[in-house]
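Going down the list, the protein sequences come from chains A and B.
Using the UniProt record's numbering, you'd call the opening residue of the first sequence number 1 and step up by one each time.
Using the UniProt record's numbering, you'd call the opening residue of the second sequence number 1 and step up by one each time.
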Amino acid sequence: MAIMSFIFAFFFFSSLQPILSLYEDQVGLMDWHQQYIGKVKQAVFHTHKTGRKRVVASTEQNIIATLDLRSGEIFWRHVLGPNDVVDGIDIALGKYVITLSSGGSILRAWNLPDGQMVWESSLHGPKHSKSLLLTTNLIIEKDNSLIVFSNGRLNAVSCIDGEVLWKKDFEEESLEVQQVIQPPGSDFIYVVGFAASSQFETYKINAKNGELLKHESTAFSGRFSGEVSLVSSETVAALDSTGSILLTISFHNGKISSQQTPVSNLLEDSPGLAVIIHSSVTGIFAIKTDAATIFIRVIGEGKLEVVEKTNHETVVSDALSISEGQQAFALVQHAGSNIHLTVKPAHDWDSNLLKESIKMDQQRGFVHKVFINNYIRTDRSHGFRALIVMEDHSLLLLQQGAIVWSREDGLASIIDVTTSELPVEKAGVSVAKVELNLFEWLKGHVLKLKGTLMLATPEDIAAIQYMRLKSSEKSKMTRDHNGFRKLLIALTRAGKLFALHTGDGRIVWSHLLQSLHKSESCRQPIGLNLHQWQVPHHHALDENPSVLVVGRCGPSSDALGVLSLVDSYTGKEFSSLRLVHSVAQVIPLPYTDSTEQRLHLLIDADKHAHLYPKTPEAIDIFQSEFSNVYWYSVDDDNGIIKGYALKTKCSGNVADEFCFDSRELWSIVLPSESEKIITTATRKLNEAVHTQAKLIADQDVMYKYISSNLLFVATVAPKASGEIGSVTPEESWLVVYLIDTVTGRVLHRMTHHGSQGPVQAVLSENWVVYHYFNLRAHRYEMSVIEIYDQSRADNKDVWKLVVGNHNLTSPVSSYSRAEVITKSQSYFFTHSLKAIAVTLTVKGITSKQLLIGTIGDQVLALDKRFLDPRRSVNPTQAEREEGIIPLTDSLPIIPQSYITHSLRVEGLQSIITVAAKLESTTLVFAHGLDLFFTHYAPSRTYDSLTEDFSYALLLITIVALVAAIFVTWILSQRKELQDRWR
Amino acid sequence: MKWVKVIVSFILTLSFLSFPSCAFQSDELLVDDEEFGLEGAPQHRSPEPIPTRSPPVTSPTRKRHSDLDSDSKIQFSLDHAFGDSDFSPAGTFSARLKTWSHGGQFCQTLTKLRFSRNSFSDVEKEKFKNLLESDDFYRIRLPSNVLSPPGRDFIISSVKARCLPRESLDEHFVIHMEGVNVLAVNYGSPGSCPYPRNLKLPAKWSFSSHTVLKNSEQAPRAPVFTEEILGGENAEGEVVQPAERSFWAKYWMYLIPLGLIVMNAITQAMNMPEEQATGQVPAQGQPSAGAVQRGPSSAVRRR
């Protein structure tokens, strides 16, 4: 017994440190990290000084970043957070990046070389308005100043320290300021806008002190619509609200004069509703109609002339002044698989400063934005480079007719991720490209051996490290024994599908989905999710696996759905479908047809179920399981959870044998005055549970309640659904439910008084862990609920098992009365969470760890044993042997257990775990703005040798041993002989 | 063993907290309840459960002070449907509605729930038989608010009809309540209903119903250790003297090797006299020992 206890204690203490910390030289072996910035909204070049040339960009993900103009690498970036939308950026004094954000109320200056914040001012004003940022070279009181219009107030701000030098309010209620203009070389500012949508107003303001010099206004018969385009420093062009009359308004010296030209005068055919495109090219503006983009030149006093009519895929850049009084701008047009970049001087439309044609990958879609920059060529002529933003959110730098670099920034907004296996290595498949020859293999092992025996020189060590990082083994395009190599298939918000190799994170293929492409019938396509459509194994190995992409045309849930099927080896979209119904839910069914296509049930907004694929075989398979299909819907707004089953074929006017009516089986109505659903969680469909029984300390057994139909729902008081601290503890509570989704039974309900969301939850096996804020304790808490099945609890008797008098093999039915007991416990936790996940292994034998996405954008691994409801202050000896950790009030955060080690996954959104074939290992993919992938072994890699295991050493040892055996054998024989002779 | 006491009292307190009631809110009760006065446990410091939440009533453990209480009888009906048919009345729940105000807020809870089931009419029997034959759903519904039925919506629950028949028709309701709101009802047979559901007609066409009213449980609080550490006495009590282990349990790892050495020594000592007894000179003894050792190696050679 003592030995037993010693062994147990040994195992217990050795397993007390389950943390898998990395050594410094192991970083990058199994993990990779990619940084992105998102879709660029505005870009400013910084190329004046010698040294590193860079471009500053602000993006739709509210990031400020500077990129190396030579390589596209990120020098620095700042994530401003979801509520801090960047309104404008600029460079001031040649060394500060100025950003205006949060609806024009925060102005910040960042040091250009290193990205440190220099100053920050908050600008408030009387009302909400458009925000405009204007950098000038005006010098007020020896300071260079910025002019900012925001919240109905014009501010002059010092560039040096962000101090507001003067301010002027524009409080008139109906005034909508459109432009703030500083004519070059002057010391006054025009503020131009509309009052009551029909009055044109100009204010001339002294730039030195904010004094109002002149105010003019003119009324127009019509109403203005939206934007104005600046034609010159004293002329603007605008459209009336019908979109059919063009107005050119000049306000020279404060005198307003205007010209009205019907759009139809300029164009022969009726163009329909026109919109003005924002641009800043002198003398030219552009309007966009349904059919075309039209460039119009203003000649003299309001005379207009159409200079070019182009198709829709034309993008124009802002004007760039290249020399004194000369401006240039860039036009990008599509022609087949090429794009044409044209740089024209502003004064002369017909001449070109530059005309280049660049071959462009079709999978990048159309050009959305272009920013240009000029440089002096070696022959002293003007050269131009252009930064273009494509439809798939990628960013490319064009120079000298070539793509200098490209960044796949679409990966900063991943919607959904799934995985796909790689092709099996076959004799015929040539993988020679990545294979090493024998000599190199030997060389590598000799180097490793040297490293092990500490004989290696620093160069050797560097070579070993390089070899380990660049191991061809991990980036092969074939399946491996351990299941580490897979394809991560990611759907981005731009409607592009990427396949990333798990070995090194490279993009294997990318495909801009046709079904998620804007078209006449589908104006606002959005991707929803990805499902594995076909996972061939056994009898359909010749087929390539494929994924199903589900989307819908528009943000509302009753918009029509679109489906795409994409081959996951090649990225080819082999089928794309516009549905005639909406998609509210997609249910992958556990049935596959003879070609291993998975059956999917799509539920539309009217609760009809549609079966896909639409084949007779599928319907045959489905008919046999017809009565066993149940699903549920959660209506967050009304607090109603409903369960459904299938009824009959659709009774619509169109006979569709793949459509089924549903019937409501159960409903749970939460009182709207006291509860509001904020989170739901379910088990992963592919999760494997190794054992149903749990042995507890005193040789007792408990049966886990394992049901794939378990739903966790968390509700809070409606008052407390706001931010933390907005309510008192008395007014807030958190109620958690465990619901069986087949019968709608509430298995467990529990109230946390004085607690509030946001709630992050993860459900796995028979437990759920959730995270929330405890207002009473002023701390975050994590709770665990474990649910055990009591109906099997009396199967403990060995004799019963032997005789067979037990109910362990009887099928489990949701209709049996659930006799469950739950155990729960709460612990304090220091961090707030962004995401939570649990490790997933192929057979579920390995102990589980929680993967916690912390507020610092890192991923922390926390052993599930810390969240065991059976922890007590003084566990008995038996409990200790079982591995129960003594109770503490808070969960420990062990610095070594950050699996992202020193890296951060900016803007972390979700953590995805995929089981490798090796039982001990789970693949972890965390995405947000950045991507991070690693292998993680919750209980160490107990089932394989580590990659740095030296086979050469083993071989040499064996050889040496064999040699030694022979030598000693010969020696002993000789000795024996001598002895005999004696 | 002071800590045991503390824990016991802690658990006691918790168990009381897990049956909170509106009455529990009142100061009087706190004074009445000796245990709370004596306890001085962390619970004291934290505010009491919230008055706006209406409390559970399944097991009224204590007598509530009844100056403000008022009881009234209410009834709400249970409807049923066979398969996809429309709902029709099937029975009535009657209960006592307890209302009392506390600090200006009204708490209402149901107690003493009774259920009277209408027996099946012949038509209904026929319908039910059909359900049994087609293995279809028998559905029931309850109002989501018992005071103003149906409230926002009906609470529906269904069960495969074949799960119900035993001797009679056995049914089991677990009604999850929140004040006067019905959240959900778990409806089904009181026992198990394993999957290949066999067609079985009930012997008696009457219902035997069991009803349970359930309210939300209170979640266990996160353990707070700071208090115990502050109260130094407790902290000392916390350090439990490890149970005195036997000499063997403590030193077995030393004793076993020692024993082995001793045994080894003894066998050697035993061998020595044997060798001397054979009368061999030590010089000759060595090769013979060598021969013994060579045994296995020669065996290897033969193989």
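Using N, Cα and C, we set each Cβ at its ideal position, and we do this for glycine too.
- Here DSSP, grouped into helix, strand and coil, assigns A:K649 to strand.
- In this chain, the alpha helix (DSSP H) harbouring A:W969 covers Y951 to W981.
- Contact check between the stretch 155 to 173 of chain B and the stretch 812 to 832 of chain A: three or more CB pairs, one atom from each, fall below 8 Å, which counts as touching.
- For the C-beta of A:T751, the chain B residues within less than 8 Å are, from N- to C-terminus, R53, S216, E217, Q218 and A219.
- B:K98 is the residue among B:K98, B:L183 and B:G259 whose C-alpha sits nearest the C-alpha of B:F106.
- With a threshold of 16 other beta carbon atoms within 10 Å, A:I965 falls short and is exposed.
- Boundaries of the beta strand (DSSP E) around A:Q327: Q326 to A335.
- Residues of chain B with a Cβ closer than 7 Å to the Cβ of A:Q825 are, in chain order, P220.
- Judged by DSSP in its simplified three-state form, A:A835 adopts strand.
- Here the C-alpha atom of A:R982 lies approximately 14 Å from the C-alpha atom of A:Q973.
- The contact set of A:A777 on chain B, defined by CB atoms closer than 9 Å, consists of S46, R221, A222 and V224 in chain order.
- Contact annotation, B:N186 with B:G151: C-beta distance approximately 19 Å; criterion of less than 8 Å not satisfied.
- In the three-state DSSP reduction, A:N529 falls in the strand class (E or B).
- Under the Cβ criterion of 8 Å, B:P190 is counted among the residues facing chain A.
- Secondary-structure assignment with DSSP links A:C553 through a beta bridge to A:P525.
- Judged by beta-carbon spacing, A:Y644 lies within the 8 Å limit of A:Y630, meaning their Cβ atoms are closer than that value.
- For the stretch 848 to 866 of chain A, the set of positions with a beta-carbon nearer than 9 Å to some beta-carbon of chain B is empty.
- The alpha-carbon separation between B:S116 and B:T92 amounts to approximately 5 Å.
- For the set A:T822, A:E765 and A:Q756, the Cα lying nearest the Cα of A:L747 is the one of A:T822.
- Counted as a single uninterrupted DSSP element, the alpha helix (DSSP H) harbouring A:I619 occupies residues P616 to S624.
- A:T839 is positioned such that its CB atom lies closer than 8 Å to that of A:T913.
- Excluding five sequence positions before and after A:S357, the CB atoms of its chain that fall closer than 6 Å to its own CB belong to N338 and H340, given in chain order.
- Residues of chain A with a Cβ closer than 7 Å to the Cβ of B:A184 are, in chain order, I668, G744 and V746.
- Secondary structure note for A:H340: its beta strand (DSSP E) is the uninterrupted segment N338 to P345.
- DSSP places A:E425 in the coil class of the three-state scheme, outside both helix and strand.
- Sequence-distant Cβ neighbours of A:S321 in its own chain, meaning closer than 7 Å and more than five residues away, are Q327.
- Of the residues A:E201, A:S232 and A:K214, the one whose Cα lies closest to the Cα of A:F224 is A:E201.
- For a Cβ distance threshold of 7 Å, residue set V669 and S672 of chain A lies close to B:R152, ordered along the chain.
- In the DSSP assignment, A:G853 falls within the unbroken beta strand (DSSP E) covering Q849 to T854.
- The DSSP assignment places complete beta strand (DSSP E) segments of no fewer than 3 residues inside the stretch 81 to 137 of chain A at 86 to 92, 96 to 101, 106 to 111 and 117 to 122, in order along the chain.
- Taking the Cα of A:F712 as reference, the smallest distance to any Cα among A:S764, A:D87 and A:G725 is reached at A:S764.
- In this structure A:T248 touches A:L304 by the C-beta definition: roughly 7 Å separates them, less than 8 Å.
- Taking C-alpha positions only, A:K975 is separated from A:V967 by approximately 12 Å.
- Residues are counted here when their Cβ sits less than 7 Å from a Cβ of chain A; for the stretch 191 to 208 of chain B these are G191, S192, C193, P194 and Y195, given in chain order.
- Within the stretch 681 to 712 of chain A, not one residue has a Cβ closer than 7 Å to any Cβ of chain B.
- Under DSSP, A:M454 forms no beta bridge with any residue.
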